[in-house]
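> So that we are looking at the same thing, I have put the structure below in structure tokens.
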Amino acid sequence: MINADDMFRAFEPHREDAVVIVTGTAGKHWADHTTKQNRDLNMGGAMGHTTSAALGLALGLPDEKVVLFDSEGSLLMNLGIIATISGQAPKNFLHLLMDNECYATTGGQPVPNAQDINYAGMAKEAGYTAAYSFDNIEDFATNIGNIMQETGPVFVAMKIVPEVENEPIGQRTRRPTRSRAETIRTLREELGIS
Amino acid sequence: MVNQQAALLKPETLIDEFKKIGVTHIVTIPDSETNYLYELMQEQDWLSVVPASREGETFAIALGLSVGGKVPVCLIQNTGMMESGDSIRGMALDAGFPLLMVVGYRGWNRHGVITDTAAQYTEPFLNAMGVNYYLVETDEDAERISIAYEEAKKNKRPVAILVGDEYHGFNRV
Numbered sequence: 032m033i034n035a036d037d038m039f040r041a042f043e044p045h046r047e048d049a050v051v052i053v054t055g056t057a058g059k060h061w062a063d064h065t066t067k068q069n070r071d072l073n074m075g076g077a078m079g080h081t082t083s084a085a086l087g088l089a090l091g092l093p094d095e096k097v098v099l100f101d102s103e104g105s106l107l108m109n110l111g112i113i114a115t116i117s118g119q120a121p122k123n124f125l126h127l128l129m130d131n132e133c134y135a136t137t138g139g140q141p142v143p144n145a146q147d148i149n150y151a152g153m154a155k156e157a158g159y160t161a162a163y164s165f166d167n168i169e170d171f172a173t174n175i176g177n178i179m180q181e182t183g184p185v186f187v188a189m190k191i192v193p194e195v196e197n198e199p200i201g202q203r204t205r206r207p208t209r210s211r212a213e214t215i216r217t218l219r220e221e222l223g224i225s
Numbered sequence: 022m023v024n025q026q027a028a029l030l031k032p033e034t035l036i037d038e039f040k041k042i043g044v045t046h047i048v049t050i051p052d053s054e055t056n057y058l059y060e061l062m063q064e065q066d067w068l069s070v071v072p073a074s075r076e077g078e079t080f081a082i083a084l085g086l087s088v089g090g091k092v093p094v095c096l097i098q099n100t101g102m103m104e105s106g107d108s109i110r111g112m113a114l115d116a117g118f119p120l121l122m123v124v125g126y127r128g129w130n131r132h133g134v135i136t137d138t139a140a141q142y143t144e145p146f147l148n149a150m151g152v153n154y155y156l157v158e159t160d161e162d163a164e165r166i167s168i169a170y171e172e173a174k175k176n177k178r179p180v181a182i183l184v185g186d187e188y189h190g191f192n193r194v
């Protein structure tokens, strides 16, 4: 399995000017590695629809690379989106899946068929141009540079070490995060969108 | 018969309204009742049609398009709208962007008793979500589409058009 912090560290040198969206428990580590906050976007969440919002962004910004770090619990809530993405075939879209095999924010209960499901296989058969699976940081770090240069939509499934949270929500330590409205405003300013 | 035909809502009228507003993308789930409209939309070179797999996707895709400076419309049926409740909350109402929802009002009828629960729950659903709506039945109502979009822009909220002629004017007759 891959430590999410290590994964983001390996990704960041290859980011260039991509717009980056992160979800899930593991996504919090991106804040420790990003150097272009104006191109980081918080799209919020609604039962798995961050993926859909990222697709919309890729369609709305065809000249920008859009990279989504998704989570498997989220994707499973709206699995049909992989067909929608394949149908639209955005060349500028990279879809990475952080698969920790559980609902980490609710105590670590396993997602359905957690260990045997093949997300990259489903994405490839749905129509993504390419799909990869990684379960160790070395292989991910070796390949992510080339994957970033591929024509999308490309899918990357990664086995991620779960960081299970068991404290009641009100007692959890919260990192300061930028609101959705703030990240949208700064991205639109960065891109000159009125 | 002539009067009955004149009272229809023609798909071409919706296309004209979309163009007037400046719509760039229609995010939609096609259904059998709106096939002719779907074909017409595909023929417009100024309009991109984005078929979704489930109605809840349409609101989130529309949000992403809006962030990118586009003008999307969600075109769905009332049944799918109700399935989309949390997406409307999280991706439309909370996001603070103008959005026009064009919703086929399945089961609605001006005459007699409405027996289809899809129609019975449609307006209570929109009221519960705090989404204002306009009923469009015929071509004469079409300006309500522009009115609704202006309201959406002013308030940075979704506004719905309920298409009350879903079983007639949207289809090739």
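Each protein sequence line maps, in turn, to chains P and A. According to my numbering, the residues represented by the first sequence are 32 to 225, in order. According to my numbering, the residues represented by the second sequence are 22 to 194, in order. All C-beta atoms, glycine included, are put in the ideal place defined by N, C-alpha and C. If you're wondering where the values come from, they're calculated on a predicted model, not measured in any experiment.
1. With a threshold of 7 Å between beta-carbons, can G91 (chain P) be considered close to chain A, or not?
2. In chain A, which residues lie less than 7 Å from S83 (chain P) when you measure between Cβ atoms?
3. Compute the beta-carbon to beta-carbon distance between Q119 (chain P) and L90 (chain P), rounded to the nearest angstrom, for a pair I have assumed lies under 8 Å.
4. DSSP three-state call for V184 (chain A): helix, strand or coil?
5. Looking at V142 (chain P): is its Cβ nearer than 7 Å to the Cβ of G111 (chain P)?
6. What did DSSP end up calling H46 (chain A) once you bin it into helix, strand or coil?
7. With a threshold of 8 Å, are at least 3 pairs of Cβ atoms found where one atom belongs to the stretch 66-82 of chain A and the other to the stretch 90-98 of chain A?
8. Using a Cβ-Cβ cut-off of 8 Å (strictly less than) and excluding sequence neighbours within five positions of Y204 (chain A), which residues of its own chain qualify?
9. Considering Cα atoms alone, identify which of P:I33, P:T81, P:S225, P:M32 is closest to V51 (chain P).
10. On the three-state DSSP scale, how would you describe Q65 (chain A)?
11. L86 (chain A) versus chain P: which residues are under 8 Å apart at the beta carbon?
12. Nearest to R203 (chain P) by alpha carbon, out of P:Q180, P:V187, P:T137, P:G158?
13. Mind checking whether G89 (chain A) and A77 (chain P) have CB atoms under 7 Å apart?
14. So what's L218 (chain P) in DSSP terms, helix, strand or just coil?
15. In whole angstroms, what is the alpha-carbon distance linking N192 (chain A) and E158 (chain A)?
16. Could you run through the stretch 116-146 of chain A and flag, in chain order, every residue whose CB is less than 8 Å away from some CB of chain P?
17. For the alpha helix (DSSP H) containing N120 (chain A), name the first residue and the last one.
18. Between the stretch 155-163 of chain P and the stretch 217-224 of chain P, do three or more beta carbon pairs fall short of 8 Å?
19. Closer than 8 Å by C-beta to C133 (chain P): which residues in its own chain qualify, once you throw out the five before and the five after it? Chain order, please.
20. Using the beta-carbon of each residue, which ones in chain A are nearer than 9 Å to N123 (chain P)?
Judging by the given coordinates:
1. At least one chain A Cβ lies under 7 Å of G91 (chain P).
2. Chain A residues near S83 (chain P): E78, A81, I82.
3. Contact check for Q119 (chain P) and L90 (chain P): beta-carbon distance about 6 Å, within the 8 Å limit, so the pair qualifies.
4. In this structure, V184 (chain A) counts as strand in the three-state DSSP scheme.
5. With respect to the 7 Å criterion, V142 (chain P) and G111 (chain P) are not classified as neighbours on the basis of their beta carbons.
6. H46 (chain A) falls in the strand class under three-state DSSP.
7. Segments in contact, yes.
8. In the structure as shown, chain A begins at 22 and stops at 194. Residue 204 (chain A) is therefore absent and cannot be evaluated.
9. Comparing C-alpha distances from V51 (chain P) to each of P:I33, P:T81, P:S225, P:M32 shows the shortest one belongs to P:T81.
10. Coil at Q65 (chain A), not helix or strand.
11. Per Cβ cutoff of 8 Å: G87, L88, L90, G91.
12. Of the candidates P:Q180, P:V187, P:T137, P:G158, P:T137 places its Cα closest to the Cα of R203 (chain P).
13. Not a contact, by the Cβ cut-off of 7 Å.
14. If DSSP states are grouped into helix, strand and coil, L218 (chain P) belongs with the helices.
15. Because N192 (chain A) sits at a pLDDT of 49, beneath the cut-off of 50, its placement in the model cannot be relied upon, and the following sentence gives the value as read from the coordinates. Going by the C-alpha atoms only, they are around 14 Å apart.
16. Cβ proximity to chain P below 8 Å picks out A116, G117 from the stretch 116-146 of chain A.
17. One point to set straight first is that residue 120 (chain A) is Leu, not Asn, in the sequence displayed. Careful: L120 (chain A) lies outside any alpha helix (DSSP H), inside the beta strand (DSSP E) at 120-125.
18. Segments in contact, no.
19. Taken in chain order, the residues that qualify are G104, G139, Q140, P141, V142, A145, P193, V195.
20. Under the 9 Å cutoff, chain A gives no residues; its nearest Cβ is about 11 Å from N123 (chain P).
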